[in-house]
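**Q**
Number of protein chains: 2
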Amino acid sequence: MDIAEFRRRGREMVDFVADYYENIEKRPVFPDVEPGYLRSLIPSEAPVDPETYEDIMKDVERVIMPGAASPACTELETVMLDWLGKMLQLPECFLAGTDGQGGGVIQGTASEATLMSLLAARCKTVRRVQASNSQLLEGEIFSKMMAYTSEEAHSSVERAAQIAGVMIRKVPTDDTYAVRGEMLKKMVEMDKAAGLIPFYFCATLGTTPSCAFDHITELGPICNDENMWMHVDAAYAGSAFVCPEFRHLLNGIEKSFFLLVNRVKNRADLIGAFKVDPLYLKHENQESGLVIYKHWQIPLGRRFRSLKMWFVFRLYGHKGLQSHIRHHVTLAKEFESLVRADKRFEICAEVILGLVCFRLKGEDVLSENLLKKINQKREIHLVPCQLSGRFVLRFAVCSRTTESHHIQKAWQHITQLTFEVLQVSNY
Amino acid sequence: MDIAEFRRRGREMVDFVADYYENIEKRPVFPDVEPGYLRSLIPSEAPVDPETYEDIMKDVERVIMPGAASPACTELETVMLDWLGKMLQLPECFLAGTDGQGGGVIQGTASEATLMSLLAARCKTVRRVQASNSQLLEGEIFSKMMAYTSEEAHSSVERAAQIAGVMIRKVPTDDTYAVRGEMLKKMVEMDKAAGLIPFYFCATLGTTPSCAFDHITELGPICNDENMWMHVDAAYAGSAFVCPEFRHLLNGIEKSFFLLVNRVKNRADLIGAFKVDPLYLKHENQESGLVIYKHWQIPLGRRFRSLKMWFVFRLYGHKGLQSHIRHHVTLAKEFESLVRADKRFEICAEVILGLVCFRLKGEDVLSENLLKKINQKREIHLVPCQLSGRFVLRFAVCSRTTESHHIQKAWQHITQLTFEVLQVSNY
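Chains H and G, in that order, are what the protein sequence lines are. Each step along the first sequence adds one to the number in our numbering, with nothing skipped, and position 379 is 593. Each step along the second sequence adds one to the number in our numbering, with nothing skipped, and position 168 is 382.
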């Protein structure tokens with residue numbers, strides 16, 4: 215959507231909202247639909263090609279308004295996350311379908327998704343341990359429970375463990391910054407020998423520092439053998455799996471319990487961890503077997519974020535989403551080539567998606583000074599990371615409007631500042 | 215703002231956004247402001263009288279745009295929550311000010327606010343216990359920790375305890391559905407005698423079922439004596455304290471650590487519970503002593519919700535907010551009089567703010583049938599509760615547009631359906 219169309223559609227939307235308020239008293243205060251009403255009103259998969267804005271707005275009146283905010287909010291979300299699951303070619307067990315045991319949920323943030331999966335795993339483990347030793351108190355079990363994640367994992371994993379009150383260990387990575395099966399296995403065995411209870415592993419597909427991919431085909435079977443819950447954090451890389459050429463990076467997912475973009479294999483595991491049902495939250499359809507998201511998350515309230523997904527999936531189509539991803543990857547590769555052609559720089563990690571990790575060869579201080587200059591100029595903005603103990607710059611392509619000329623301009627700008635940095639350091 | 219103005223302002227806002235995108239490349243990618251820049255650009259208190267929309271939009275360009283999303287988002291939030299704190303006449307220790315130790319934060323939901331305070335209290339308690347017995351593991355301490363809340367408290371308090379992995383006890387209430395000091399004291403003493411560690415009490419000002427007010431003037435000193443953190447959940451009633459005639463309901467707040475609407479007395483208690491600082495989240499001003507919200511909440515990301523507060527506070531003014539609250543209370547009292555004048559009904563709890571709890575005298579089944587009929591007709595919508603073991607209907611005034619004629623019409627509707635219910639039950 216270009217800016218002129220945005221203005222037009224935006225004004226239409228303001229009128230849509232105003233008309234709604236103007237006529238709100240003519241509408242019933244409560245919807246008159248049966249649980250599950252929405253699924254049959256829309257296709258079971260995202261469109262391949264883009265649809266028009268008019269078509270979608272017509273469907274808002276036909277599909278959403280009869281179910282108002284609730285249950286339309288829940289039901290559209292369930293179907294949208296099935297659409298997404300199918301685009302990602304997830305195994306059937308992760309879909310809600312009409313009678314599946316899995317399903318997706320939009321968590322407020324990636325941090326909350328990781329926390330939710332950790333809490334569900336904690337609950338499952340406590341029950342399992344108490345089944346064989348009913349004398350043990352919950353807290354005593356907590357003090358022996360050990361979670362694991364990559365040393366390259368996002369900080370939210372460590373925070374989730376702090377919140378849940380369990381220990382967490384960082385698993386070392388190989389020279390591509392990925393966790394391999396044997397590294398996890400070794401740690402788990404040591405901890406078991408010390409009387410601890412390994413129960414959770416958070417794998418990352420697309421780490422924050424360098425977009426590395428943990429080897430989940432190796433890690434999944436180990437987790438299964440050890441009664442551990444494997445959670446897969448694909449908060450960044452997940453959307454790339456709509457392209458078949460990247461889908462192999464997700465192989466092994468069938469062994470995980472929870473995929474962050476955001477999906478669970480067995481709903482009951484989540485619900486079991488949190489169900490509290492006071493009278494003011496009871497309703498007549500609560501035993502319908504349909505998805506009820508209040509047990510899948512920390513807050514009770516929810517935003518209607520699936521409405522945005524519905525618009526995006528239909529305005530882009532599966533093909534449009536693929537070209538969006540491919541465009542970003544192409545731009546990142548373009549930047550990578552520019553870096554590689556300059557002998558003063560080195561690439562620090564394989565460029566798989568939209569992230570390029572690079573640095574000036576030599577002492578860290580050079581790259582640190584370069585970063586300082588770049589961010590002071592405020593033409594582009596970079597966030598650093600550490601890889602193998604060295605200071606690394608991260609060039610991330612993530613804006614919807616980035617084009618080749620931006621990449622070229624950014625590189626020109628960086629090389630100009632590099633000149634200044636190296637000149638000073640030569641004195 | 216009426217609907218005609220909403221249309222006009224809405225279109226202007228769409229153009230504002232479109233213009234922003236159209237010119238985004240002319241703007242620096244990173245703001246050039248010093249930490250704390252925003253506080254001096256705006257008044258230190260909310261205006262008494264309403265301001266115009268034009269004035270506010272002018273300030274968006276002057277105050278917000280130079281600080282863009284960040285740090286403007288954080289800094290406006292700190293100041294807006296000070297504005298709110300002053301309107302609520304909170305003790306100085308709850309304000310951020312320029313060098314205070316307290317301050318407010320907008321949590322995603324009330325559930326998250328309660329969870330955050332519970333986690334902070336848990337962390338503080340573990341440190342205290344370990345200081346006198348460094349051998350004890352965290353999990354061993356958890357298994358002895360006891361939280362308390364009213365039997366009338368919101369379900370999110372019980373969930374917070376589940377998530378944090380600590381026990382929770384429901385404190386019985388008096389005949390006004392409020393917790394008194396002696397009831398808590400008795401429980402705490404029993405638990406201490408049994409070797410448990412009481413550490414947290416969640417008081418409620420305005421319970422969900424009946425809008426009851428726990429006696430925090432009695433409860434606060436007990437919590438202080440017992441080294442317990444008192445959290446005050448005023449998620450519903452909190453906004454009423456902008457009116458001096460309701461402010462006395464908040465007396466005793468100086469003894470609490472955390473007030474949900476949403477405020478903490480000592481930031482360090484929160485930050486201590488969660489600080490994880492990877493390189494990609496470090497920045498040069500992180501030791502500035504200013505508010506950094508990422509440690510105050512579960513998610514890392516934040517929405518710019520203080521912008522809405524800024525608009526609301528200024529468009530209404532302190533006086534406008536007061537009339538809004540008073541209008542709702544007046545309407546609830548109007549409904550109460552209608553119920554009291556009808557001998558078939560009884561009022562089940564004192565009407566203090568916008569909630570009226572009532573029921574048909576006699577067997578529960580009558581009120582249950584009435585509720586069923588009301589919600590089937592879909593003209594108005596009521597949510598029930600249980601008080602003293604009896605089924606009770608809750609009439610809540612909460613829409614911005616509710617007027618006296620809605621109350622009259624709703625009561626007419628209810629009495630019509632009551633006629634039908636009682637007719638059937640007479641057969």
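Beta carbons: idealized from backbone N, C-alpha and C, even for Gly.
Which residue's Cα is closest to the Cα of H:Glu248: H:Glu326, H:Ala282, H:Ser537 and H:Val385?
**A** Answer by Cα proximity: H:Ala282.
**Q** Which residues in chain H have a C-beta closer than 9 Å to the C-beta of G:Val319? List them in chain order.
**A** Near G:Val319 there are no residues of chain H at all, since even the closest Cβ is about 15 Å away, more than 9 Å.
**Q** Between H:Tyr267 and chain G, is the shortest Cβ-Cβ distance under 9 Å, so that the two count as touching?
**A** No, its Cβ sits nowhere closer than 9 Å to a Cβ of chain G.
**Q** Taking Cβ positions only, does H:Arg394 come closer than 9 Å to chain G?
**A** Taking Cβ atoms only, chain G never reaches closer than 9 Å to H:Arg394, which makes this a no.
**Q** At a CB-CB cut-off below 7 Å, which residues of chain H make contact with G:Asp229?
**A** The contacting residues are Arg221.
**Q** Quick check: the Cα distance between H:Arg276 and H:Leu607, rounded to an integer number of angstroms?
**A** Approximately 49 Å, taken between the alpha carbons.
**Q** Chain G partners of H:His595, CB-CB under 7 Å?
**A** Simply Val243 and Phe244.
**Q** Please confirm if H:Phe356 has its CB atom under 9 Å from at least one CB of chain G.
**A** Closer than 9 Å to some Cβ of chain G, the Cβ of H:Phe356 qualifies, so yes.
**Q** At a Cβ threshold of 9 Å, is H:Val380 touching chain G?
**A** It does: the Cβ of H:Val380 has a partner Cβ on chain G nearer than 9 Å.
**Q** Is there a Cβ from chain G that is less than 9 Å from the Cβ of H:Gly534?
**A** Not one chain G Cβ lies under 9 Å of H:Gly534.
**Q** Where does the unbroken beta strand (DSSP E) through H:Ile256 begin, and where does it stop?
**A** Segment: none, H:Ile256 is in no beta strand (DSSP E) and carries neither H nor E.
**Q** Does chain G have any CB closer than 9 Å to the CB of H:Glu582?
**A** No, no contact with chain G.
**Q** Using 8 Å as the cut-off, can you tell me whether the segment 542–553 of chain G makes contact with the segment 566–573 of chain G, which would need three or more C-beta pairs spanning the two stretches below that distance?
**A** Contact holds: three or more Cβ-Cβ distances are below 8 Å.
**Q** Between G:Arg604 and G:Arg573, which are expected to be in contact by the criterion C-beta below 8 Å, what is the C-beta distance as a whole number of angstroms?
**A** With 8 Å as the limit, G:Arg604 and G:Arg573 qualify as a contact, their Cβ atoms being about 7 Å apart.
**Q** Going by DSSP, name the residue or residues bridged to G:Ser364.
**A** DSSP, once it has assigned bridges, lists G:Val385 as partnering G:Ser364.
**Q** For G:Ser424 versus G:Tyr450, is the C-beta spacing smaller than 9 Å?
**A** Going by C-beta atoms, G:Ser424 is not nearer than 9 Å to G:Tyr450.
**Q** Considering only residues of the same chain and omitting the five flanking positions on each side of H:Ala375, which have a CB-CB separation below 6 Å?
**A** Same-chain partners within the cutoff: Ala361 and Ile382.
**Q** Could you work out which residue in H:Arg336, H:Val611 and H:Glu265 is closest to H:Glu354 when comparing CA atoms only?
**A** When only C-alpha atoms are compared, the closest one is H:Arg336.
**Q** With DSSP as the reference, label G:Phe415 as helix, strand or coil.
**A** Reduced to three states, the DSSP call for G:Phe415 is strand.
**Q** Leaving out five residues on either side along the sequence, give the residues of the same chain with a beta carbon under 7 Å from the beta carbon of H:Glu560.
**A** Cβ within range, chain order: Phe572, Arg573 and Lys575.
**Q** Please go through the same chain and pick out, in chain order, the residues whose beta-carbon is closer than 7 Å to the beta-carbon of G:Met271, but skip the five residues on each side of it.
**A** No residues qualify anywhere along the chain.
**Q** G:Gln344 to H:Thr323, Cα distance in whole Å?
**A** Distance between the alpha carbons of G:Gln344 and H:Thr323: 33 Å.
**Q** Report yes if the C-beta distance between H:Asp313 and H:Ser364 is below 9 Å; otherwise report no.
**A** Cβ distance not < 9 Å, so H:Asp313 and H:Ser364 don't count as in contact.
**Q** Within 9 Å (strictly less), CB to CB, does H:Gln626 reach chain G?
**A** Taking Cβ atoms only, chain G never reaches closer than 9 Å to H:Gln626, which makes this a no.
**Q** Output the distance between the C-alpha atoms of G:Leu398 and G:Pro435, rounded to the nearest integer angstrom.
**A** G:Leu398 and G:Pro435: Cα-Cα distance of roughly 11 Å.
**Q** Residues in the same chain with beta-carbon distance under 6 Å from G:Lys384, minus the five sequence neighbours each way, listed in chain order, please.
**A** Cβ within range, chain order: Glu365.
**Q** Among H:Ile539, H:Gly466 and H:Met404, whose alpha-carbon lies nearest the alpha-carbon of H:Cys457?
**A** Looking at the Cα atoms, H:Ile539 is the closest of the given residues.
**Q** Near H:Cys437, what residues of its chain come up, given a Cβ to Cβ distance below 6 Å and the 5 sequence neighbours on each side ignored?
**A** If we look at H:Cys437 and ignore the five residues flanking it on each side, its Cβ neighbours are Phe415 and Met444.
**Q** At what residue ranges does the segment 560–621 of chain H contain a whole run of the beta strand (DSSP E), taking only runs of 3 or more?
**A** 569–574, 597–601 and 604–610, all fully within the segment 560–621 of chain H.
**Q** Kindly give me the distance between the Cβ atoms of G:Gly379 and H:Glu352, rounded to whole angstroms, as I take these residues to be in contact under 8 Å.
**A** Sure, about 6 Å apart at Cβ, within 8 Å.
**Q** For G:Leu398, which of helix, strand or coil comes out of DSSP?
**A** The answer is helix: DSSP assigns G:Leu398 an H, G or I state.
**Q** Can you tell me which of G:Asp269, G:Asn589 and G:Gln600 puts its alpha carbon nearest to the alpha carbon of G:Asp578?
**A** When only C-alpha atoms are compared, the closest one is G:Gln600.
**Q** Let me check understanding here. Comparing Cα to Cα, which of H:Gly452, H:Lys496 and H:Leu580 lies closest to H:Ile467?
**A** Closest by alpha carbon: H:Gly452.
**Q** How would you call H:Ser618, buried or exposed, if buried means at least 16 neighbouring beta carbons within 10 angstroms?
**A** Result: exposed.
**Q** Just curious, the beta strand (DSSP E) that H:Met444 is in, first and last residue?
**A** Element bounds for H:Met444: Trp443 to Asp447.
**Q** What are the residues that DSSP puts in a beta bridge with H:Phe427?
**A** Paired residue(s): H:Leu419.
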